[in-house]
Structure formats: structure tokens, C-alpha cells
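Accompanying notes for the structure given below.
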Amino acid sequence: MAKELKELTKRSENYSEWYNQLVVKADLAEQSDVRGCMVIKPYGYAIWEKMQQTLDGMFKETGVQNAYFPLLIPKSFLSREAEHVEGFAKECAVVTHYRLKTNAEGDGVVVDPNARLEEELIIRPTSETIIWNTYRNWIRSYRDLPILCNQWCNVMRWEMRTRLFLRTSEFLWQEGHTAHATKEEAEDRAKLMLKIYAEFAEKYMAVPVVQGVKSETERFAGALDTYTIEAMMQDGKALQSGTSHFLGQNFGKAFDVQFLNKDNKPEYAWATSWGVSTRLMGALIMTHSDDNGLVLPPALAPLQVVIVPIWKTGEQLEALNAKAGEIASNLKSMGISVKYDNADNKRPGFKFADYELKGIPVRLVIGSRDLENGTVEVMRRDTLEKETVSLDGIEAYVKNLLDQIQENIYKKAVAFRDSHIYECESYDEFKEKVKDGGFFLCPWDGTVETEAKIKDDTQATIRCVPFGVEQKPGIDMVSGKEAKYRVLIAKAY
Numbered sequence: 000m001a002k003e004l005k006e007l008t009k010r011s012e013n014y015s016e017w018y019n020q021l022v023v024k025a026d027l028a029e030q031s032d033v034r035g036c037m038v039i040k041p042y043g044y045a046i047w048e049k050m051q052q053t054l055d056g057m058f059k060e061t062g063v064q065n066a067y068f069p070l071l072i073p074k075s076f077l078s079r080e081a082e083h084v085e086g087f088a089k090e091c092a093v094v095t096h097y098r099l100k101t102n103a104e105g106d107g108v109v110v111d112p113n114a115r116l117e118e119e120l121i122i123r124p125t126s127e128t129i130i131w132n133t134y135r136n137w138i139r140s141y142r143d144l145p146i147l148c149n150q151w152c153n154v155m156r157w158e159m160r161t162r163l164f165l166r167t168s169e170f171l172w173q174e175g176h177t178a179h180a181t182k183e184e185a186e187d188r189a190k191l192m193l194k195i196y197a198e199f200a201e202k203y204m205a206v207p208v209v210q211g212v213k214s215e216t217e218r219f220a221g222a223l224d225t226y227t228i229e230a231m232m233q234d235g236k237a238l239q240s241g242t243s244h245f246l247g248q249n250f251g252k253a254f255d256v257q258f259l260n261k262d263n264k265p266e267y268a269w270a271t272s273w274g275v276s277t278r279l280m281g282a283l284i285m286t287h288s289d290d291n292g293l294v295l296p297p298a299l300a301p302l303q304v305v306i307v308p309i310w311k312t313g314e315q316l317e318a319l320n321a322k323a324g325e326i327a328s329n330l331k332s333m334g335i336s337v338k339y340d341n342a343d344n345k346r347p348g349f350k351f352a353d354y355e356l357k358g359i360p361v362r363l364v365i366g367s368r369d370l371e372n373g374t375v376e377v378m379r380r381d382t383l384e385k386e387t388v389s390l391d392g393i394e395a396y397v398k399n400l401l402d403q404i405q406e407n408i409y410k411k412a413v414a415f416r417d418s419h420i421y422e423c424e425s426y427d428e429f430k431e432k433v434k435d436g437g438f439f440l441c442p443w444d445g446t447v448e449t450e451a452k453i454k455d456d457t458q459a460t461i462r463c464v465p466f467g468v469e470q471k472p473g474i475d476m477v478s479g480k481e482a483k484y485r486v487l488i489a490k491a492y
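First residue of the sequence shown: 0, per numbering that gives the first Met the number 0; consecutive thereafter.
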């Protein structure tokens with residue numbers, strides 16, 4: 000394991016390679032034999048499960064219920080909303096046949112040409128179309144509204160360049176789809192879900208985010224407004240970490256979802272959709288981790304504490320088992336996940352390096368002499384600091400330490416982000432500075448032409464018009480025209 004750590008590329012040398020190696024070495028995921036798809040390994044999936052469970056509870060507190068809709072979508076459904084199909088057409092995987100048959104040589108299979116589908120089916124890239132086709136059967140009156148549904152599922156978007164968690168052809172996510180009687184209700188729901196995403200990112204992931212609304216070019220296909228949370232990674236790039244969309248009546252009209260309003264008049268339903276994906280795993284890794292491996296926030300760590308005994312004789316191990324077992328039991332009763340690792344097939348040094356690589360927030364090491372002295376060595380993963388403390392009250396000490404670690408890694412991430420936010424009025428200055436990453440608050444004239452030029456010249460994009468930023472637009476640094484917005488610009492994943 001020491002060799003494994005030594006071979007982990009340093010962030011300062013090649014940030015991208017550091018990330019790719021860490022995902023694999025920390026046992027989070029690996030490439031699949033299916034092009035563009037990944038295998039999420041048990042440890043990586045355990046983190047995703049913690050995210051899923053937490054978000055699921057937050058959704059349900061607002062009245063959302065889980066449902067499930069088909070994986071396969073008739074091609075004709077995607078044709079009904081023009082912007083939507085245009086946005087996803089190039090990423091769709093298409094099912095054309097429903098049967099295989101043995102080949103002529105008898106040693107394999109081929110597609111049966113007689114089993115072609117009458118209508119091709121699309122593996123869902125997102126589910127607005129199939130869900131709104133279903134809602135048509137559920138909605139008759141304003142009394143049937145709102146409908147607040149979410150589903151946890153996989154989707155397929157055919158990607159040419161993939162990277163584990165950040166961009167894969169198949170990924171896991173949740174997608175919420177709501178129907179409302181009024182425009183105001185739908186807009187409020189879209190904004191509410193964005194706030195929930197931001198709260199989850201900051202409170203549980205310890206990842207600070209900027210909330211805002213996307214430019215027209217960057218909107219979700221078929222949306223009237225797309226709200227986003229943008230996080231800054233340690234290389235200064237932005238990562239879009241969650242989006243919520245106000246869809247207006249576009250899908251209501253496309254799928255003829257009408258209801259009788261309170262005045263007994265027919266009206267099309269108003270829609271939202273919103274989602275986060277396993278891309279959050281990438282955000283978690285790239286925001287906090289270091290050259291020694293993962294750094295996980297205690298709120299989402301599958302294992303928050305590991306206890307490693309040091310012994311020479313069976314008698315010593317027996318005594319350590321008794322004390323460590325007591326500590327582990329007490330921690331578990333406090334809702335803290337803990338592992339007591341007394342396996343004798345790995346040396347302590349290997350265990351230390353392994354748990355460090357996997358980002359376990361707190362490590363307790365206890366030997367026979369510690370037992371005699373009534374002490375234990377505590378190491379916190381975020382700072383790698385070690386301290387010898389009394390065994391008396393160790394459980395309360397650990398609980399408090401986990402809270403400190405959660406707060407500390409958030410503050411560290413905030414400090415990094417805030418120190419890399421710049422206000423820029425000069426395009427030449429911007430083009431020079433953006434090479435090194437960071438978030439740039441710049442005046443924008445609101446035109447597609449200016450937005451495209453920035454992207455062509457620098458590969459940076461307008462991430463959003465940020466909320467909570469004083470809108471003192473000034474003069475657009477590219478066109479020289481009067482600006483309409485103060486926008487956040489960055490290079491992004």
C-alpha cells in the first residue's frame with residue numbers, strides 16, 4: 000500500500016491524472032468492458048447510497064414521492080417537444096430489434112433481421128417525455144395537482160469522451176418531475192429544489208456552491224429557465240453539481256396534459272424537472288481529497304471511524320478486543336459507523352495507508368501500553384494530525400471531532416473558492432487569468448454572440464447569472480456594449 004500511495008500522481012503535477020488514479024486506487028469505481036460505462040465498486044456505491052438516502056429524505060419532507068417509469072421510450076415521444084429532441088438527439092442510444100438468433104456457424108448470435116421493431120425505442124437520456132405522456136392519464140382537474148414525483152434510476156447519454164463519475168455514457172441519478180396548476184407554483188418548486196441541492200452540497204458534502212440561473216444557451220433542452228449550483232474544484236474549474244428546470248407548459252402542451260382549473264376552464268399543466276447524479280461523487284473527490292488519497296466528510300463517509308489494535312501476543316489481543324469492542328459498541332449506539340480491524344493478515348502500516356487512502360475521517364490506534372496507560376492515539380484524516388488522548392470519554396471526543404472535521408473541510412473549501420473568485424472588466428486580463436482557473440464575475444451584454452466568442456477564445460463558459468451578487472453590470476468586456484448581467488464565467492468539467 001505504501002507503494003500504491005507513492006505511485007499516486009500529485010495534484011500539482013497532473014490534476015486530471017491524480018483524479019483518475021485516485022478513483023481506481025481508492026476502490027470507488029473502474030472502467031467497464033462496455034464502452035463509456037463504469038463499474039461502481041462497493042465502497043464507491045456505499046458513498047452514493049449515503050447521498051441517496053440523505054437526499055431522498057430531504058425530497059420527501061417537501062411532499063415528493065418516489066415512482067418508477069420505463070427505461071425505454073418510444074422514438075415518437077421525443078419528437079413532440081422540438082427543443083427537447085434537438086438537445087438530446089445526438090446522445091440517444093436506440094433499440095431497433097427485439098430478438099437474437101444463432102449465427103450460421105452455430106458458434107454465436109446475430110440480430111434477427113425479422114425481429115425489427117415497428118417503432119424504435121430510445122434508452123432514456125431523461126424521462127420528461129414518457130412521464131408527461133403518463134401524467135396525461137393522471138390529471139383531469141386542478142384537484143389532481145400538484146403531482147410531485149421523483150425516480151432513482153440510470154440513464155444513457157452516448158458520450159465520446161468519458162471519465163469515471165464525471166462523464167459516463169450510463170450514470171445513476173434521480174430525476175424529479177412535477178406538475179402544477181399555476182406558473183407561480185411551478186417556479187417556486189423549481190427554486191425550492193435548487194435550494195435543497197445547495198443545502199445538501201454544503202451541509203453534507205461540505206462543498207460550497209454558487210446558485211444561479213443559466214443563460215439561454217446553457218439551459219436544459221425544453222426549459223424556460225434552468226437553475227444551477229456550481230462548485231469549484233481544486234484546479235479552479237467549475238463543476239455543475241445539480242440543476243432544476245422550470246419547463247413552463249411546454250410538456251403539458253406537447254403531451255396534451257390539460258386540466259379544468261378553479262374557474263372550470265381547460266388549462267395546460269405547468270412543469271418542473273430537477274436532478275443530481277453520480278457526478279456528485281466527482282465533486283466530493285475533487286473538492287476535498289489530497290495527495291494521500293480521499294478526504295471524506297463524516298456526514299457521507301460509509302465508515303466514520305476505524306479502530307486498529309497493535310499486539311504481539313494472543314493475551315494482549317484478547318484484552319484489546321474487549322476494550323475496542325466496548326468503544327465500537329458505544330460509538331455505534333451514538334449513530335457513528337465504526338469498524339474494528341483486528342485482522343491478522345495485514346500489517347498495521349498497510350492498514351493505516353489503506354484507510355488513509357480511502358478517506359476514513361477518524362482512526363483510533365490502541366496497543367497494550369495504551370491500555371495500561373488508559374490512552375489511545377487519534378488521527379484525523381483532514382489534517383493528518385495525531386493526538387494521544389484519554390480513553391475516558393473517548394466516544395464523546397470522537398463525536399465532537401467528527402463535527403469539527405465536517406466543519407473544517409467545508410471552511411477550507413470555502414476559503415479556497417473565495418480566494419479564487421475575481422472581478423474582471425478587461426477582456427485581455429480575463430483571457431490571461433482564466434488560463435489558471437477560477438470563477439470570474441464579469442459584465443455581459445446578454446448576447447449569444449458574445450457568449451460564443453468567450454467560449455471560442457478561452458474554452459470558458461458562462462456558468463450562471465449568480466444569485467446574491469449585486470447586479471451592477473457596467474460595460475461588456477468583449478463587445479464594449481452596455482451589459483445586462485453580472486455573470487459567473489469559468490472553465491468547467
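Cβ coordinates follow ideal geometry from the N, Cα and C atoms, glycine included.
Span of the beta strand (DSSP E) around residue i
i	result
Ser15	Element bounds for Ser15: not the beta strand (DSSP E) but the alpha helix (DSSP H), Tyr14 to Lys24.
Arg115	Arg115 to Ile122
Gln248	Careful: Gln248 lies outside any beta strand (DSSP E) and carries neither H nor E.
Gly211	Val208 to Val212
Tyr339	Val337 to Tyr339
Gln257	Gln257 to Leu259
Glu6	Careful: Glu6 lies outside any beta strand (DSSP E) and carries neither H nor E.
Ser389	Lys385 to Ser389
Leu99	Leu99 to Thr101
Glu29	Ala28 to Gln30
Residue i burial status per 10 Å Cβ neighbour count (16 or more: buried)
i	result
Leu71	exposed
Lys264	exposed
Met333	exposed
Thr101	exposed
Glu450	buried
Ser11	exposed
Asn13	exposed
Met476	buried
Ser240	buried
Leu363	buried
Asn399	exposed
Met378	buried
Gly495	Examination of residue 495 is not possible in this model, given that the chain is present from 0 through 492 alone.
Contact set for residue i: own chain, Cβ-Cβ below 6 Å, skip 5 residues either direction
i	result
Asn149	Phe58, Val63, Asn65, Gln173 and Gly175
Met0	Note that Met0 scores a pLDDT of 49, beneath 50, so its modelled location is shaky; the value from the coordinates is reported in the next line. The residues are Phe349, Ala352 and Asp353.
Gly56	none
Glu481	none
Glu169	Cys36, Asn153 and Met155
Ile195	Met57
Ile488	Phe439, Cys441, Ala459 and Ile461
Glu386	Val377
Contact set for residue i: own chain, Cβ-Cβ below 7 Å, skip 5 residues either direction
i	result
Phe466	Gln210 and Gly211
Ile393	Ile326 and Val375
Asn320	Asn341
Glu85	Ala220
Val433	Phe439, Thr457, Ala459 and Lys490
Asp187	none
Asp143	Trp137 and Phe258
Leu165	Arg278, Gly281 and Tyr492
According to DSSP, residues forming a beta bridge with residue i
i	result
Trp172	Cys152 and Ser276
Arg362	Val305 and Met378
Ser438	This sequence places Phe at residue 438; Ser is not what is there. The partner list for Phe438 (beta bridge, DSSP) reads Ile420.
Met231	Ala237
Tyr44	Bridge partners of Tyr44: none, in fact.
Gln64	Cys148
Ala443	It is worth fixing the name first, because residue 443 is Trp in this sequence and not Ala. According to DSSP, which records beta bridges pairwise, Trp443 is partnered with Tyr484.
His179	Trp269
Segment limits, alpha helix (DSSP H) that includes residue i
i	result
Gly348	Pro347 to Leu356
His83	Ala81 to Phe87
Asp369	Ser367 to Asn372
Thr167	Where Thr167 is concerned, there is no enclosing alpha helix (DSSP H), given that its DSSP letter is neither H nor E.
Tyr267	Here Tyr267 belongs to no alpha helix (DSSP H); instead the beta strand (DSSP E) covers Pro265 to Tyr267.
Lys190	Lys182 to Lys202
Ser75	Lys74 to Leu77
C-beta neighbour in chain B for residue i, strict 8 Å
i	result
Asn407	Going by chain labels, chain B is absent from the structure shown, which holds only one protein chain.
Contacting residues, own chain, Cβ-Cβ under 8 Å from residue i (five flanking each side not counted)
i	result
Gln20	Glu6, Leu7 and Thr8
Pro472	Pro442, Trp443, Glu481, Ala482, Lys483, Tyr484 and Arg485
Glu118	Pro73, Lys74 and Ser75
Asn329	Glu394
Ile474	Glu424, Pro442, Lys480, Glu481 and Ala482
The region 337–345 touching the region 301–314, judged by at least three CB pairs closer than 8 Å = Contact between the region 337–345 and the region 301–314 is present, because at least three Cβ pairs lie under 8 Å.
Touching by the beta-carbon criterion (3+ pairs, under 8 Å), the region 286–302 and the region 190–208 = The region 286–302 vs the region 190–208: in contact.
message = Does the contact criterion of 3 or more C-beta pairs under 8 Å hold for the region 136–143 versus the region 82–90?
response = No, they do not touch.
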